[in-house]
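Residue numbers (mature numbering (1 follows the signal peptide of the UniProt record, and there is no 0)): -19 to -1, 1 to 766.
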């Protein structure tokens, strides 16, 4: 049977196996290993099984059930609340109504969670409620918190302004609202009204017409980018026109239509401007006059063939590519345990809870290594993209992806492709709107070889090598045209990493040779790539041992020195450390040339050698921030993305760096991030690090059909720094040692009793005997060819 068929059989068996067959403990015969070939052993490996555990206490993080959502909604809609709410499911719901747009469990404060986890105190529960208030005298969108839950005589509804520090509190202007169902309906009626009047012209200019999505004459779609307001008091929205087809992001025309959608009365909305071939027409009448006078220079139409956007296999088959690619194996079963009910994980000394919500997806809490807390929280805060271009669409695009719901955009992961075979899959449960949502197999958990030994050394009398492995928790979200993959990894030495990758479709631009590639190269017949920046902001709330931590900056400086033992050298350059402690909250750049080390330490707790125990932050691939610091489309709302690192003091009222409703109000967001940095003392205090990953996307032809994750990759590492008395893997059994024995013909290795199972086929080259003796064999003694 072929290896691929064997794999398929094993996968099918996995769906029916309920337990791992017991296998007797066996001592590995290192002599036999030198004889073993990759012939089938006759013994099949057991299907790896997810091992359950039970969290010490139930998770402090929950989501509202459908019953709770209904109960809270009914309570809010009661006349005595005074909110004048319309049922969101009512027929004919309009933007001039007041209605609940979204509800979820309010993330509990850190103070309350730690009291629950460490002291056993009760954890209060509240709901976060977002209400569209189009029926108020001053319309807007407001956020409230309702609780305590369950609903009782003590329950109240209050503005959620204790952690929203923007100038309008927990409220934005109505023109900055989310494009929900009622708004989309109103916008489409306005668009149809105007575009149907110029259908003959748009067909001639672009090959596209729009009479509404239900009209059979329509062959196009439009998209309105964000932000379409600056502070919520006006709405200037540009529509870009695309051929209806697969990945219309790249079937784009050179036609852009601007609208004014200000206010709650759609009858007052109007068309502002039409741009074609970068010529501005201020009205439909002006466009038609130019068209009928033959003054419009026609450009090639949008392609009707979308095959270039499909990933169907094409080209000659590469040699040996008919074999299945290498895969992560678990020959001895899983080495991690999960509590699926509480979303809790244990792995080789690691313990942590996870939380999930609509805005950002999975988050990590109470992260402990070998019984000691490392972080209270590690979480994605937002993912943004800033575009640039020589047209009104690309030039004004600045996406804040939590606005669209990163957590709501996950889907079922593909086994063996998105995640390794035999990974553990979790569904996700959250609320979106007023519905309890579940997606199946949308988070995967697996252990992976890190690709190198975690430590190794060869000496004339000694060889050691220790396996390097990590537990990975992976989330993939498809937000519009982009697929984002986030890996959170926990290494056997106590290191934590975050990796971000991107794929999907680029948001292309109509190819104009006169643009000379200044905003991106030509990547297809009528398509240019678009210059843009991705920035993903994360929060790392360190609690090293406890909540009294200090931020240390260690700089490598070069100075001219003389040393008496080098009289012949005179003055020469020498490096040394310059160690300083940050005294107050601050914003920090990436270390130039790696000559600064950022470390969080706990000065009250030293290792055996008297060094303060800590963790180091190591920037990895592509740690970027926004290059356009003063762009009006991220003026205040994007402050978190304008530096590499930020060090602040924890407050329950400063939970996050961004907010869902920041998207369309860059000048008046709910959260103004830089207000967190007000000169507070941070020496031996509860510290929070905000950091950025991302990519400056230099678009290329290799982005068609899909961007390559190998290049679109960014990472960071948090590694122990004097955390222990020695490196943290000496207790691992997956390590091998050879000690020279002058009286032995062959040096037998010590494998600590951990050996490949009999079902794991090995070849002669995998033998462990003779490794030591094979060092430095003279060429003349080697086997002749």
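Backbone N, C-alpha and C define an ideal beta-carbon position, used for all residues, glycine too.
What you are looking at is a predicted structure, and each value in this text was computed from that prediction instead of being measured.
Where DSSP assigns a beta bridge to residue i, which residues make up the other side?
i           : result
residue 201 : 224
residue 338 : 342
residue 508 : 491, 505
residue 466 : 457, 482
residue 236 : 257
residue 599 : 698
residue 477 : 471, 699
residue 448 : Answer is none; residue 448 lacks a bridge partner.
residue 80  : 113
residue 428 : 452
residue 519 : 361, 672
residue 332 : 327, 349
residue 396 : 400
residue 418 : 411
residue 218 : 240
residue 514 : 367, 677
residue 555 : 540
residue 154 : 121
DSSP state of residue i, grouped into three classes?
i           : result
residue 310 : coil
residue 162 : helix
residue 281 : coil
residue 529 : coil
residue 367 : strand
residue 96  : helix
residue 612 : coil
residue 408 : strand
residue 231 : helix
residue 688 : coil
residue 53  : helix
residue 48  : helix
residue 351 : coil
residue 574 : helix
residue 382 : helix
residue 714 : coil
residue 656 : helix
residue 356 : strand
residue 562 : strand
residue 7   : Here residue 7 scores only 35 on pLDDT, less than 50, and its place in the model should not be relied on; the value that follows carries that caveat. Reduced to three states, the DSSP call for residue 7 is coil.
residue 179 : helix
residue 390 : helix
residue 318 : strand
residue 593 : strand
residue 747 : helix
residue 719 : strand
residue 755 : coil
residue 741 : coil
Would you mind giving the Cβ-Cβ distance between residue i and residue j, rounded to the nearest angstrom? I have them listed as a contact below 8 angstroms.
i           : j           : result
residue 485 : residue 511 : Rounded, the Cβ-Cβ distance is 13 angstroms, inconsistent with contact.
residue 779 : residue 367 : Not covered by the structure: residue 779. The range shown for the chain is -19 to 766.
residue 369 : residue 518 : Not a contact, Cβ separation roughly 20 angstroms.
residue 365 : residue 356 : Incorrect: roughly 24 angstroms between the Cβ atoms, too far for contact.
residue 418 : residue 411 : 6 angstroms
residue 240 : residue 249 : Between residue 249 and residue 240 the Cβ distance is about 12 angstroms, and since that is not below 8 angstroms, they are no contact.
residue 309 : residue 401 : 4 angstroms
residue 277 : residue 271 : 5 angstroms
Within 10 Å of its beta-carbon, does residue i have 16 or more other beta-carbons around it, so buried, or fewer, so exposed?
i           : result
residue 553 : exposed
residue 546 : exposed
residue 751 : exposed
residue 590 : exposed
residue 707 : exposed
residue 255 : buried
residue 398 : exposed
residue 432 : exposed
residue 85  : buried
residue 689 : exposed
residue 475 : buried
residue 18  : Any reading at residue 18 must be qualified, since the residue scores a pLDDT of 41, below 50, and its modelled position is unreliable; the value itself is stated next. Residue 18 is exposed by the Cβ-count criterion.
residue 404 : buried
Complete beta strand (DSSP E) runs within the stretch 617 to 645 (minimum length 3 residues, chain order): Correct list: 626 to 630.
Complete runs of the beta strand (DSSP E) confined to the stretch 91 to 142 [at least 3 residues]: Segments of the beta strand (DSSP E) lying fully in the stretch 91 to 142: 108 to 114, 121 to 128, 137 to 140.
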